[in-house]
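Quick note: the sequence shown uses the UniProt record's numbering, first residue 1, plus one each step. Just so you know, even glycine gets a beta-carbon here, dropped at the ideal spot from N, CA and C. Keep in mind it's a predicted model, so treat the numbers as computed, not measured.
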Amino acid sequence: MQTTSTVSTCTGTARKDGTLTVTGQLTRPDWQSRDVDGTAIPVGYAGQSVRLQLKKSGATSYSTVKTATTDADGKLRTTVKATASGAWRWVFSQNSTSAAAVSTGDGITLLKVSKRTADAPPEPRSRPSPRTRPDI
Numbered sequence: 001m002q003t004t005s006t007v008s009t010c011t012g013t014a015r016k017d018g019t020l021t022v023t024g025q026l027t028r029p030d031w032q033s034r035d036v037d038g039t040a041i042p043v044g045y046a047g048q049s050v051r052l053q054l055k056k057s058g059a060t061s062y063s064t065v066k067t068a069t070t071d072a073d074g075k076l077r078t079t080v081k082a083t084a085s086g087a088w089r090w091v092f093s094q095n096s097t098s099a100a101a102v103s104t105g106d107g108i109t110l111l112k113v114s115k116r117t118a119d120a121p122p123e124p125r126s127r128p129s130p131r132t133r134p135d136i
């Protein structure tokens, strides 16, 4: 049975060490419902365990960061700490009724955050050299 997976990170940029929300959906054909050309209509695949993976910029492979379970509509939603730029994807392993599915990667670029605070002291200024006053 054909199974599909989609991913969306909601944005193409995030703040380093900020919270990133990753969403997606796992669907499979409903063989009882067909569209006008006879193709089975895809429906959400509920209660399935799906792995969230990240391939960091410059890396050659993905690694699993978290596992989530699809809701009643097959939708996925989770949050992760944004620690590196790279591509995120969802991976569903094959089971006895459905084929494996891997979403395409959705890229995220992290923005650097300034560590400046409101209570920070002002930047040092160079002082003018002391002037000597000639005696008259």
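- Under the 8 Å Cβ criterion, the stretch 71 to 86 does not count as touching the stretch 94 to 103, having fewer than three qualifying pairs.
- DSSP links THR39 through a beta bridge to no other residue.
- Within the model, the alpha-carbon separation for THR60 versus VAL50 is close to 21 Å.
- Taking a C-beta distance under 9 Å as the contact criterion, THR109 and GLY24 do not qualify as a contact pair.
- Under the three-state reduction of DSSP output, SER98 falls in the coil class, being neither helix nor strand.
- Counting along the chain, no beta strand (DSSP E) covers LYS112, and no H or E run does either.
- Going by beta carbons, LEU52 and TRP88 fall inside the 9 Å limit.
- The continuous beta strand (DSSP E) containing SER33 extends over residues 19 to 34.
- Straight-line measurement puts the Cα of LYS66 at about 8 Å from the Cα of VAL80.
- GLY86 sits buried, since 16 or more C-beta atoms from the chains shown fall within 10 Å of its C-beta.
- THR21 and THR78 have their C-alpha atoms spaced approximately 6 Å apart.
- Counting other Cβ atoms within 10 Å of its Cβ, TRP90 reaches 16 or more and is therefore classed as buried.
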